[in-house]
Amino acid sequence: MISGLRGYWRYQSTDDLEARTGAFAASAPDRMVVVVVEPARNGIRELQAQSSGEIRSLALLVLVAMIVARGISGFVVRQIPERPLLHGFRAEDDPSAPEGTAGSPPPERFHSVLSELQPLLQALRARADVLVNLRESFRRSERQRHRLEEEVGRLNIIDPLTGCFNRRELYRRLDHELRLSGREERELSFLCLEIDHLRHIHDSYGEPVSAEVLRRIALELRNRSRATDFLCRLGPEQFGLLLPACDAVSAGKVASMLSDVVRSLEIRHERSILAVTLSVGVASLQSHRDDPDALIKRAQSALYRAKAEGRDRVVIA
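Numbering-wise, numbering that gives the first Met the number 0 puts 274 at position 275 of the sequence shown, and it's gapless, one number per residue.
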């Protein structure tokens, strides 16, 4: 049994991923590090090999059971006389039969057959028990493999620190929403939110405190969003929030509300209370020919303007 999944993953930076695949180069101008989770292929292959071995063992036991059954049937046929025992049996056919026993088979012959069959029947029952146990073991392995595959699929699209979706899943969802907006001619907006001075918090208080700040803000953003909204982590300090059926004015109001919520947070560290603010860039769909990169870049450009103007503010592209 696999007790945990911690040892089954390895992590890469965006720079390493870009070096091998060229992915996300156009959409990460500041080349910030993004955590990418890769699936535990070795664990799945291990379970598949185990399942294949159990299937081969099951087939072998079935073959053995067929051979044993065939041997039993041959033995029984050899023990039964050629003449019928229950119809037309005559005492003169068996010189050892006592008088007055015509019409009935000798009981000692059947007793001998049953006594010799008993070990074979017990062996067959034992093989049947082994088959049942092996089948249950195979089913447990299959269930475990399915659970592991589901966990791998989930970790492939989830940021492990904040629990938000990652950048890869954002592009998939954004592409879907753009096609839907073009088909239904509805609005679509995107917010790029960055935690102000998170690096200063990390340098002053340490990595556990900065990680707690990220988790708290991710939780607040998730709780204040609609069920149809899509929250993801864009980078070490950035989040993205996709707002379907939302124009620029409504998206600006959402951004201001989220900024106020984060500003009012009380994140305690020992005897200190950390003041945390957000800079937010807002971009909306300009035409139904927009692609994901264009929408994200406009939101990030508005975010950089918000930071240049003093942070803790919302700028609409």
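Ideal Cβ positions, reconstructed from N, Cα and C, are used throughout, including at glycine.
Residue of the options minimising C-alpha distance to residue i
| i | options | result |
| --- | --- | --- |
| D290 | E193, A244, S180 and Q117 | S180 |
| E206 | P235, N222 and E184 | P235 |
| L294 | K306, G280 and R182 | G280 |
| L197 | I157, S278, R288 and E53 | S278 |
| L284 | I200, L130, P159 and E184 | E184 |
| R225 | A210, V212 and L241 | L241 |
| R288 | L257, E186, A210 and L302 | E186 |
| I266 | R221, A282, V131 and I200 | I200 |
| Q49 | R139, A247 and G70 | R139 |
| E45 | D174, E141, A125 and E149 | E141 |
| N165 | A210, H175 and L154 | L154 |
| R172 | V131, D292, E211 and A254 | D292 |
| A254 | S114, L233, A282 and S286 | A282 |
| V212 | R262, S249 and A247 | R262 |
| I272 | E135, K296, V129 and Y204 | Y204 |
| P243 | V314, D128, E148 and H175 | H175 |
| I71 | S286, S114 and D202 | S114 |
| E193 | Y303, G52, D128 and V260 | Y303 |
| K296 | A210, S249, L233 and R270 | L233 |
| A210 | D259, V248, R221 and P159 | P159 |
| A247 | S51, V129 and V314 | V314 |
Residues bridged to residue i [DSSP beta-bridge criterion]
| i | result |
| --- | --- |
| S188 | L242 and S283 |
| V314 | G280 |
| I266 | L273 |
| E193 | Q237 and S278 |
| F164 | I157 and C231 |
Cβ pair residue i, residue j closer than 8 angstroms
| i | j | result |
| --- | --- | --- |
| V61 | L119 | no |
| A274 | A298 | no |
| L169 | C231 | yes |
| C163 | Q237 | no |
| T161 | R214 | yes |
| L264 | E308 | no |
| I216 | F137 | no |
| I156 | R167 | yes |
| A64 | L116 | no |
Whole-angstrom C-beta distance between residue j and residue i, which should lie under 8 angstroms
| i | j | result |
| --- | --- | --- |
| F189 | G239 | 7 angstroms |
| D228 | R310 | D228 to R310, Cβ: 24 angstroms. No contact. |
| R223 | L177 | Not really, about 24 angstroms apart at Cβ, beyond 8 angstroms. |
| R312 | A305 | 5 angstroms |
| V208 | H268 | 5 angstroms |
| L133 | L57 | 5 angstroms |
For residue i, the three-state DSSP class (helix, strand or coil)
| i | result |
| --- | --- |
| L230 | strand |
| I156 | coil |
| S224 | coil |
| E115 | helix |
| E45 | helix |
| G52 | helix |
| A298 | helix |
| E308 | coil |
| G205 | coil |
| D290 | coil |
| P28 | With a pLDDT of 44 at P28, under the threshold of 50, the predicted position of this residue should be treated as unreliable, though the coordinate-derived value follows. Note: P28 maps to coil in three-state DSSP. |
| A90 | For A90, the predicted model reports a pLDDT of 45, less than 50, meaning its position is unreliable; a value from the coordinates is still stated below. Looking at A90 - three-state DSSP - the assignment turns out to be helix. |
| L123 | helix |
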